[in-house]
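Presented below is the structure to which this report refers.
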Amino acid sequence: MTINATVKEAGFRPASRISSIGVSEILKIGARAAAMKREGKPVIILGAGEPDFDTPDHVKQAASDAIHRGETKYTALDGTPELKKAIREKFQRENGLAYELDEITVATGAKQILFNAMMASLDPGDEVVIPTPYWTSYSDIVQICEGKPILIACDASSGFRLTAQKLEAAITPRTRWVLLNSPSNPSGAAYSAADYRPLLDVLLKHPHVWLLVDDMYEHIVYDAFRFVTPARLEPGLKDRTLTVNGVSKAYAMTGWRIGYAGGPRALIKAMAVVQSQATSCPSSVSQAASVAALNGPQDFLKERTESFQRRRNLVVNGLNAIEGLDCRVPEGAFYTFSGCAGVLGRVTPSGKRIESDTDFCAYLLEDSHVAVVPGSAFGLSPYFRISYATSEAELKEALERISAACKRLS
Ligand SMILES: Cc1ncc(COP(=O)(O)O)c(C=O)c1O
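Take this note's numbering: the last position of the sequence shown gets the number 439, and nothing is skipped along the way.
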């Protein structure tokens with residue numbers, strides 16, 4: 030249902046820039062699951078987009094110290110010098126990227142970074158190429174900024190990755206941006222250097238196209254996968270690449286709302302104009318906490334990733350043991366994106382035919398009290414996303430319930 034339909038009866042006319050945007054499927058499922066929980070049903074929610082770990086103690090301490098030092102006022106518009114320096118070090122240390130302080134921006138979450146970038150660069154009708162499955166905010170942010178999302182289906186057969194051929198075919202004179210996310214929410218798929226190379230070669234041929242890379246899950250990669258970021262791989266693209274990252278996922282700091290990016294000075298400046306009239310600056314206390322996260326010990330990241338990897342293996346193996354489901358092994362993040370084509374056309378015990386991934390997820394929620402998100406919410410069907418950022422015991426129970434639910438289909 031679009032915003033238009035939802036709010037019309039209240040006598041409110043929404044702006045056309047938001048009128049075609051639907052209420053997020055994820056939020057709807059979450060609300061239904063929460064309502065069922067309140068009714069006393071044993072619902073397991075596998076929808077969370079955040080780590081189940083706590084923010085590290087040294088980060089909390091840094092925030093507390095900042096409060097007591099009186100760092101409770103507005104800060105510099107797009108980040109304190111201390112945080113920008115910590116980000117500059119991070120880019121150099123972990124990504125081999127050299128950014129000056131005025132090529133770095135800090136915002137209230139990576140979400141605001143994306144918003145600032147699109148708001149600062151898109152004219153109505155400008156095109157943004159987004160491979161699907163995508164993080165749901167990408168296309169909505171582009172639409173709010175009056176751009177046109179160009180969605181390119183990238184299914185499991187291409188490892189949920191964009192190919193050079195598809196990218197080349199999608200580029201037009203109106204293309205402003207290509208938006209890539211590795212590792213990906215929702216698929217967990219990541220681009221190796223070899224996967225990126227042909228895409229970067231295409232972009233080199235089209236100087237009017239800019240690249241936004243969302244490296245939010247950089248630290249959560251498994252097995253021997255080596256994370257790389259495009260501006261490092263292809264210096265010839267650095268002057269039209271925005272490298273986006275944040276502290277939310279790596280440091281379990283989703284509620285602190287700090288995201289950042291490195292990119293060309295002119296773009297960073299234009300993004301600051303947007304931010305100046307939206308939020309004035311990111312939270313002072315959260316910025317101090319983020320300095321501690323980026324400059325402090327990093328060894329716990331490995332431990333946490335190992336814990337996610339155990340859970341990834343549990344979920345992938347569990348799903349692939351269920352007839353009708355087919356789960357690719359993700360390289361990173363904390364999601365599986367499993368195919369469910371094998372259950373389409375089957376009939377539930379109450380006589381309802383499963384026609385889509387949305388039907389399948391509704392069946393799992395109503396019948397087995399397991400909340401997962403259909404691929405349709407991420408622009409690619411028939412799949413469903415599980416977030417495995419929850420306890421192994423809960424994951425095992427959920428897998429048993431999903432297996433039993435699939436067996437009950439005829
Ligand atoms: C791929 C991706 N990018 C960005 C974000 C936003 O992160 P932040 O909390 O910094 O706004 C998320 C959050 O779910 C995400 O999954």
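The beta carbon of each residue, even a glycine, is placed where N, CA and C say it ideally should be.
DSSP state of residue 209 mapped onto helix, strand, coil: Under the three-state reduction of DSSP, residue 209 is assigned to strand.
Which residues DSSP lists as bridging residue 290, in chain order: BP columns for residue 290 point to 134, 273.
As assigned by DSSP and simplified to three states, the class of residue 158: In the three-state DSSP reduction, residue 158 falls in the strand class (E or B).
Where residue 404 falls: helix, strand or coil (DSSP): Helix, per DSSP.
Alpha-carbon spacing of residue 193 relative to residue 232, whole angstroms: 9 Å
Heavy atom of ligand 1 within 7 Å of residue 275 beta-carbon: yes
Span of the alpha helix (DSSP H) around residue 336: 328-349
Backbone secondary structure at residue 182 - three-state DSSP: strand
Option nearest residue 340 by Cα separation, candidates 353, 352, 359: 359
Pairwise C-alpha distance: residue 212 and residue 374: 32 Å
Heavy atom of ligand 1 within 7 Å of residue 139 beta-carbon: Shortest gap from the CB of residue 139 to any heavy atom of ligand 1: under 7 Å.
Residue 157 and residue 205 closer than 8 Å at C-beta: yes
Counterpart residues of residue 239 in DSSP-defined beta bridges: 206
As assigned by DSSP and simplified to three states, the class of residue 81: Residue state for residue 81 is assigned as coil, using DSSP reduced to three classes.
For residue 454, three-class secondary structure by DSSP: Within the shown structure, residues of the chain are numbered from 30 to 439, placing residue 454 beyond reach of any answer.
Among 155, 134, 402, 88, the one whose alpha carbon lies nearest that of residue 294: 134
Cα-Cα separation between residue 410 and residue 282, rounded to whole angstroms: C-alpha separation (whole angstroms): 31 Å.
Bridge-paired residues (DSSP) for residue 365: Beta bridge pairing from DSSP links residue 365 with 415.
Beta bridge counterpart(s) of residue 74 as assigned by DSSP: 400
Contact test: residue 78 Cβ vs ligand 1 heavy atom, cutoff 7 Å: yes
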